[in-house]
Amino acid sequence: MKFRVHTYGCQMNVRDSEAIEALMIAAGFEKSAGEDDADVVIVNSCTVREKAEEKAIGKAGNLVAAGKIAGLAGCAVQRLGEKVFKRLPGLDFAVGPRAIGLIPKIVADGRYPRLELGDEGMGAALSSHVEGGWRSFVTVLAGCDNRCSYCIVPDVRGHEYSRPAAEIVAEISALARRGVKEVCLLGQSVLRYGRRNAAWPADAPSGPAGFSEPFPRLLEAVSAIDGIERIRFTSAYPKGCTAELVRAFREFPKVCRHLHLPVQSGSDRVLASMGRGYTRAEYLEAVAALRSFDPEFAVTTDVIVGYPGETEEDFEATRSLMDEAGFDNSFIFKYSPRPGTRSAAMPDDVPKEEKERRDQVLLADQERRGLERNSRLCGTVRRVLCEGRSKRNAGRLSGRDSGNRIVVWDGEPGSMRDGEAVDVRITGALAQTLVGEAVTPA
Ligand code: 5AD
Ligand code: SF4
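For the sequence shown, the positions run 781 to 1222 when our numbering is used.
Dropping the structure here:
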């Protein structure tokens, strides 16, 4: 039997889909070349905004209509529970994000419909990886206990749980032996690693750097793994940007100089209503600390426009914060009330057209800001790991620098392996791309 996984949502879901594939392959199923020749298709869903959920459900509906064995996995399933079969009559199985480990058994049994919302099989899913590839996501912290007013994630992904450091280090060492060069450590608030359960401090042992906090200790331990060249992690929050974290960025060359630090709003009033736990000033302090030793340290963010009660003044505060922070890139989202969250009880009072307008304004601001920031890098040489040919121009190769910036340069497709390092001298800048030429080793 052949299967295919189709993914929506964040990196957490990309990682979960990889685990589903690895477990299916281990159970003897074959990954199909495309969707047409698949017998079973699993749609891994997101529910962070209504639109995201609708997309995944629409996709699964098409598969049911096409007569495939269709399964829906992920966050939307957990939110909908049994109602998922009302929304999708004919759906064969549905599993929440902590139950994906059960999918091979469900498909092997073939007794449909099936619904799984528990956390059985989570251990296997956390540690299963598909072979091949030069970079990998590794979940270090599952779930979230933050309870921001607008966010459905804690409801669907459960409580925060830090994996033991020894397990993480063993997993990354095994990945490195298989050729993985870059890892991205994942957690909804990854900087909280080791803070809730017993993992700290016994689990992430103190190394020569003498850190007392668990996440910097973990970075030190992962840095020591041979073969790993780059370490990224996401997502972060300002209070997690401690002096020790900044020191880890500065002292460990493998730790990439980029942090995705969602701000959501630049208005203290809105931040308080969201329950974000920081002020505008505290956020900007965190950004300044990250850039204190390297002005080109890349900071990217998420912003919500049209949160309940967001006035023109609040919105302008967000605009000015974004300029002050000098974001290298930003992702703008129009507020979408999620049932059961605190903000869903407040009136969704910013009209649709106004959300759209604010979205467009921030996008245009970022375009200008991205261009400004990237232009400063002209003339510098960036170390880039190749990711294959450029999507826009087949005669160019594409990769990323330490700051996660996309870099493109002239080169024959196939002249470099994916994951291979090259130095690129930057000759031009666009808002989201740097253009350059490969520096031939002297
Ligand atoms: N409406 C709009 N955007 C949201 N996000 C999370 N919940 C909502 C919501 N209810 C955004 C946040 C988060 C990103 C992943 O999605 O900006 O950082
Ligand atoms: Fe990721 Fe959140 Fe979407 Fe789930 S709901 S896939 S955690 S963005």
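Backbone N, C-alpha and C define an ideal beta-carbon position, used for all residues, glycine too.
If you check the CB distance, S916 and V960 come in under 8 angstroms.
F1095 has its Cβ no nearer than 7 angstroms to any heavy atom of the ligand 5AD. For N1184, no pairing in a beta bridge is given by DSSP. Secondary structure at F1032: coil, using DSSP grouped into helix, strand and coil. In the three-state reduction of the DSSP assignment, G881 falls in the helix class, which pools H, G and I.
V1219 is not a Cβ neighbour of V1188, given a cutoff of 8 angstroms. The C-alpha of V1026 is placed about 21 angstroms away from the C-alpha of L1101. Nearest in C-alpha terms to R829, of all of P988, R958, G1057 and V933, is V933.
Put simply, the region 834-848 does not touch the region 941-955. Fewer than three CB pairs are less than 8 angstroms apart. About 40 angstroms separates the Cβ atoms of K1034 and R1049, ruling out a contact at the 8 angstroms cut-off. Taking 8 angstroms as the upper bound for CB-CB distance, G1086 and R1138 are in contact here, some 6 angstroms apart. Spatial neighbours of S1195 in its own chain (CB-CB distance under 8 angstroms, excluding positions within 5 residues in sequence) are listed in chain order as L1177. Secondary structure at R1205: strand, using DSSP grouped into helix, strand and coil.
In the three-state reduction of the DSSP assignment, E896 falls in the strand class. Beta-bridge partners of Q1044 (DSSP): V1083.
Of the candidates D1145, V920 and E1192, the residue whose Cα lies closest to the Cα of G1175 is E1192. DSSP places A905 in the uninterrupted alpha helix (DSSP H) bounded by M902 to S907. Contact between V823 and L843 holds, since their C-beta atoms are separated by about 7 angstroms, short of 8 angstroms. For R1071, the enclosing alpha helix (DSSP H) starts and ends at R1060 to R1071. Distances from the alpha-carbon of G1168 to those of D1203, L998 and R1180 put R1180 closest.
Excluding five sequence positions before and after S969, the CB atoms of its chain that fall closer than 8 angstroms to its own CB belong to L921, C924, N926, E940, S1015, A1016, Y1017 and G1020, given in chain order.
Excluding five sequence positions before and after D1006, the CB atoms of its chain that fall closer than 7 angstroms to its own CB belong to A956, given in chain order. If you draw a straight line from the Cα of G1159 to the Cα of R1012, it is about 25 angstroms long.
Between L966 and Q858, the C-beta spacing is not below 8 angstroms.
The alpha-carbon separation between L999 and R958 amounts to approximately 20 angstroms. A distance criterion of 7 angstroms places the beta-carbon of Q1146 beyond contact range of the ligand 5AD, judged by its closest non-hydrogen atom. Taking the Cβ of P1042 as the reference point, at least one heavy atom of the ligand 5AD falls within a distance shorter than 7 angstroms.
Within the same chain, Cβ atoms closer than 7 angstroms to the Cβ of S929 are found at S1053, M1054, G1055, T1121, R1122 and S1123, the five residues on either side in sequence being excluded. In the DSSP annotation of this structure, the continuous segment of the beta strand (DSSP E) that includes S825 starts and ends at V820 to S825. Annotation: L1039 to V1079 spans about 5 angstroms, alpha carbon to alpha carbon. Between G881 and G901, the CB-CB gap stays under 8 angstroms. Listed in chain order, the non-local C-beta contacts of M1126 below 6 angstroms within the same chain comprise P1088, local neighbours out to five positions each way being set aside.
Classified as buried, T1098 has 16 or more neighbouring CB atoms from the shown chains inside 10 Å of its CB. Boundaries of the alpha helix (DSSP H) around I805: Q791 to A806.
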